[in-house]
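**Q** To get this note's numbering, take the position in the sequence shown, counting from 1, and add 1365.
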Amino acid sequence: MVYGTAQAQTVFHWPAPETQPLGEAKRYYLPMGTPLMLKTRTQISTKDNKPGDRAYLEVAESVSFRGQIIVPIGAPVVAEVSRAQRNGHVGKKGKLEIRLLYAETPSGPVRLTGTSYDEGKSGTALSVGTMLFASALGGFFIHGPSARIDAGTPVEAYLAEPLRFTWYPEPGPKIALIPAQPDSYETARPGFSSLQQPVSRAD
């Protein structure tokens, strides 16, 4: 993977499978609304960032289906600073808004969504308990004297569209495998380390 600057285009390269898959390929998809655990890669703050800046996160928990990794740990996620208001006089607090754009996966990019809100009292990072995406607004807020989100902060996002992928009977690339408990191609469940959402078969 190659990460560009805050304004540059980002290019990603996925490793080729160690062995060629065998058997008949089948098409499945993770439905819209499937949760995805992320974490921030770098600190984002009203001091260092301005609206339009790119912000980068990564997948913190892989998603697998029948032993095949669909979204690997470390998969990059791109976001954008949509609002960065620094603290002012008379106790005016800084405000920071981040909008998720998409996650890169071996099956291609997929849009993400969610929102969260937190109000700090001492410029500390957004707390883990409130860093949860729960709506379709596609971003999250933080308030504080100098609003910032520290690197490594956990984030829970959701797919804003179905993620279609191809499954082979033989395991795919060995990337942090997590067991899956599928039902069938029509309705199956991917493997999350702490989350469970259905996987559906694409027509």
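Idealized CB from N, CA, C, for every residue including glycine. Fair warning: this is a prediction, and the values are worked out from it, not measured in the lab.
Looking at C-beta atoms only, is the number of pairs between the segment 1422–1431 and the segment 1394–1409 that lie closer than 8 Å three or more?
**A** Inter-segment contact for the segment 1422–1431 and the segment 1394–1409 is present: three or more beta-carbon pairs are separated by less than 8 Å.
**Q** So the candidates are D1413, T1411, R1451, V1436; which of them puts its Cα closest to the Cα of Y1467?
**A** V1436
**Q** Which stretch, first to last residue, makes up the beta strand (DSSP E) that contains K1415?
**A** First-last for K1415: undefined, no H or E at that position.
**Q** Just list the alpha helix (DSSP H) runs in the segment 1422–1464, keeping only unbroken ones of 4 residues or longer that don't cross its boundaries, in chain order.
**A** none
**Q** Please state whether the Cβ-Cβ distance between A1449 and K1415 is less than 7 Å.
**A** yes
**Q** How many angstroms separate the CA atom of P1474 from the CA atom of R1464?
**A** Taking the straight line joining both Cα atoms gives about 16 Å.
**Q** Taking 7 Å as the limit between beta carbons, can you name the residues of its chain near A1516, skipping five residues before and five after?
**A** Hits under 7 Å: T1405, R1406, T1407, Q1408.
**Q** Measuring CA to CA, which of F1430, P1534, R1513 is closest to S1410?
**A** R1513
**Q** Report the residue from R1392, G1398, A1390 whose alpha carbon sits nearest the alpha carbon of P1527.
**A** G1398
**Q** Whole angstroms is fine: what's the gap from W1532's alpha carbon to V1428's?
**A** 13 Å
**Q** Of all the options P1441, Q1433, T1518, which has the alpha carbon lying nearest to the alpha carbon of K1391?
**A** The shortest Cα separation from K1391 among P1441, Q1433, T1518 belongs to Q1433.
**Q** Measure the alpha-carbon distance for P1441 versus T1470 and round it to whole angstroms.
**A** 8 Å
**Q** Starting from the C-beta of R1476, find all residues in its chain whose C-beta is less than 6 Å away, skip the five residues before and the five after it, and write them out in chain order.
**A** Taken in chain order, the residues that qualify are Y1467, A1525, E1526.
**Q** Taking DSSP as the reference, what is the three-state secondary structure of M1402?
**A** strand
**Q** Run through DSSP, which three-state label would T1478 get?
**A** Strand, per DSSP.
**Q** Express the C-alpha separation of R1529 and P1519 in angstroms, rounding to a whole number.
**A** 25 Å
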